[in-house]
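Each step along the sequence shown adds one to the number in our numbering, with nothing skipped, and position 130 is 146.
Backbone N, C-alpha and C fix where the C-beta goes; we use that ideal spot for every residue, glycine too.
All of these numbers come straight from a predicted model, not from anything done at the bench.
First up is the structure itself, then whatever we jot down about it.
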Amino acid sequence: MRALAELVMRGRKQAAIVAIIAALLPMLYWASAAVVALITLRKGGSDGAGVLVWALLPAGAWAFSGDPTPLAVITGAFLLAIALRETVSWAKVLMLALPIGVLTGIGLETVLDGILSQVIEATEKFLSQSAHQSGEVRLDTEQLRLLMAGGLGSVHTTFMVLSLILARYWQSGLYNPGGFRQEFHALKLPQMYSGILLAVLLIIYQLELDFIRWLPLLLLPWIFAGVALVHGSMGKRDLGRFWLVAFYIAIIFMGPYVITLLVFAALLDSFVDFRARIPAKN
Numbered sequence: 017m018r019a020l021a022e023l024v025m026r027g028r029k030q031a032a033i034v035a036i037i038a039a040l041l042p043m044l045y046w047a048s049a050a051v052v053a054l055i056t057l058r059k060g061g062s063d064g065a066g067v068l069v070w071a072l073l074p075a076g077a078w079a080f081s082g083d084p085t086p087l088a089v090i091t092g093a094f095l096l097a098i099a100l101r102e103t104v105s106w107a108k109v110l111m112l113a114l115p116i117g118v119l120t121g122i123g124l125e126t127v128l129d130g131i132l133s134q135v136i137e138a139t140e141k142f143l144s145q146s147a148h149q150s151g152e153v154r155l156d157t158e159q160l161r162l163l164m165a166g167g168l169g170s171v172h173t174t175f176m177v178l179s180l181i182l183a184r185y186w187q188s189g190l191y192n193p194g195g196f197r198q199e200f201h202a203l204k205l206p207q208m209y210s211g212i213l214l215a216v217l218l219i220i221y222q223l224e225l226d227f228i229r230w231l232p233l234l235l236l237p238w239i240f241a242g243v244a245l246v247h248g249s250m251g252k253r254d255l256g257r258f259w260l261v262a263f264y265i266a267i268i269f270m271g272p273y274v275i276t277l278l279v280f281a282a283l284l285d286s287f288v289d290f291r292a293r294i295p296a297k298n
């Protein structure tokens, strides 16, 4: 991956070629987004926009054929890269990702309405059979649509942020070794940001504004902050990679439970500052 980053930074032509190829290939749009973000972080929005234009050509073709994901993720990663370059604050970037995610989710629901309806119909049949066998209560059609529509926005926003993280990792490896590790380990949401998120969640719930739809997206800043808390805590104690591998395996096999713990840990960390209370390894 370092060799790819070095190739990208040789010039705009090389960066554009890599961004185009990655956007053309199925399921590699995140690499194209990371290339655009890397150029933006290192050289600014103007140079980043120059590469973005080329990346959007194949991404636009994908969107025209019915898959707007590359277009959404590449554009979103570019916007977040501009924000990170200007603010040097991951907390602000994560908060900015929310309105981008809202717009992305609404747009995707509109564009993919037909496909979404088919997926909901198939899911309903499966859940209906499962509920009949187990006696469980299942979601109605509207709840299922809201959940899936919210999932579209949150998943795409997650890929935007992950592409930006990869770009920052590349930038650190090339120009500031160890800088990304220090930056990510220090990530936490300020009290004001956590307070805003709590207030928004409460308002949406009380006013019945599709709470089930927006919940996954609004939890993302806490999830990323929770992951950073785990990395920072393990790094402070110098626990080694084994525990990080175990942590990510736990996410894979016990996703909802681990993610819930991450959200609560990040929320409490905003007010208690766990990392400051963890003694460094002697």
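Item to complete: Give the straight-line distance between the Cα atoms of M164 and L132, rounded to the nearest whole angstrom.
Response: In the sequence shown, residue 164 corresponds to position 148, counting from 1. In the sequence shown, residue 132 corresponds to position 116, counting from 1. Going from the Cα of M164 to the Cα of L132 covers about 8 angstroms.
Worksheet entry | Opening and closing residue of the alpha helix (DSSP H) in which I251 lies | Indexing the sequence shown from 1 puts residue 251 at position 235. Rather than Ile, the amino acid found at residue 251 in this sequence is Gly. Segment 236-253, the alpha helix (DSSP H) holding G251.
Worksheet item: Are the beta-carbon atoms of V279 and W230 separated by less than 7 angstroms?
Response: Looking up residue 279 in the sequence shown gives position 263. Looking up residue 230 in the sequence shown gives position 214. No, they are not a contact pair.
Discussion item. Using 8 angstroms as the cut-off, can you tell me whether the stretch 221-228 makes contact with the stretch 99-114, which would need three or more C-beta pairs spanning the two stretches below that distance?
Written reply: no
Worksheet item: Are at least three pairs of beta-carbons, each pair with one atom in the stretch 69-80 and one in the stretch 192-209, less than 8 angstroms apart?
Response: no
Practice prompt. Under 8 angstroms Cβ to Cβ from D289, same chain only, skipping five residues before and after it: list those, please.
Written response: Counting from one through the sequence shown, the residue named residue 289 turns up at place 273. Excluding positions up to five away in sequence, the list reads K204.
Fill in: Short Cβ contact (7 angstroms threshold) for S179 with A49
By one-based count along the sequence shown, residue 179 stands at place 163. By one-based count along the sequence shown, residue 49 stands at place 33. Result yes, Cβ atoms of S179 and A49 sit closer than 7 angstroms.
Discussion item. Suppose the cutoff is 6 angstroms on Cβ atoms and the five residues either side in sequence are ignored; what does the same chain contact list for P193 look like?
Written reply: For the purposes of this step, residue 193 is identified with residue 177 of the sequence shown, where counting begins at 1. Cβ within range, chain order: n/a, list empty.
Fill in: Nearest-angstrom Cα separation, counted from L54 out to L234
Residue numbering aside, residue 234 sits at position 218 when the sequence shown is read from its first letter. Residue numbering aside, residue 54 sits at position 38 when the sequence shown is read from its first letter. Approximately 26 angstroms between the Cα atoms of the pair.
Worksheet item: Smallest Cα separation from L87: which of D63, A31, G123?
Response: For the purposes of this step, residue 87 is taken as the residue at position 71 of the sequence shown. Of the candidates D63, A31, G123, the one whose C-alpha sits nearest the C-alpha of L87 is G123.
Item to complete: Figure out for me which residue from V216, D63, I212 has the closest Cα to the Cα of S286.
Response: Taking the sequence shown and counting its residues from 1, the one referred to as residue 286 is at position 270. If we check each option's Cα against that of S286, I212 comes out closest.
Practice prompt. Measure the Cβ-Cβ separation of G61 and I98 and say whether it is below 7 angstroms.
Written response: Mapped onto the sequence shown, residue 61 falls at position 45. Mapped onto the sequence shown, residue 98 falls at position 82. Yes, Cβ-Cβ distance for G61 and I98 is below 7 angstroms.
Item to complete: Figure out for me which residue from T276, K252, V243, A38 has the closest Cα to the Cα of V261.
Response: Within the sequence shown, residue 261 is the residue found at index 245, counting from 1. Comparing Cα positions, the closest option is V243.
Discussion item. For A77 and P295, what's the separation of their Cα atoms in angstroms?
Written reply: Working through the sequence shown from its first residue, we reach residue 77 at position 61. Working through the sequence shown from its first residue, we reach residue 295 at position 279. Roughly 53 angstroms between the two C-alpha positions.
Discussion item. For a test of the three-state rule: what should DSSP assign to L162, helix, strand or coil?
Written reply: The residue given as residue 162 occupies position 146 in the sequence shown. Looking at L162 - three-state DSSP - the assignment turns out to be helix.
Fill in: Coil, strand or helix - E137 by DSSP
Residue 137 sits at position 121 when you count from the first residue of the sequence shown. Note: E137 maps to helix in three-state DSSP.
Worksheet item: How should G256 be labelled, buried or exposed, when 16 other C-beta atoms within 10 angstroms of its C-beta is the threshold for buried?
Response: Numbered from 1 along the sequence shown, position 240 holds the residue referred to as residue 256. G256 should be labelled exposed.
Worksheet entry | In chain order, each alpha helix (DSSP H) run of at least 4 residues that lies wholly inside the stretch 183-223 | 195-201, 207-222
Worksheet item: What whole-angstrom Cβ distance do V67 and A38 have, given they're in contact under 8 angstroms?
Response: The sequence position of residue 67 within the sequence shown is 51, counting from 1. The sequence position of residue 38 within the sequence shown is 22, counting from 1. At roughly 11 angstroms, the Cβ-Cβ gap does not stay under 8 angstroms, so V67 and A38 are not in contact.
Worksheet item: CA-CA distance, V15 and F94?
Response: Outside the displayed span of the chain (17 to 298) sits residue 15, for which this structure offers no information.
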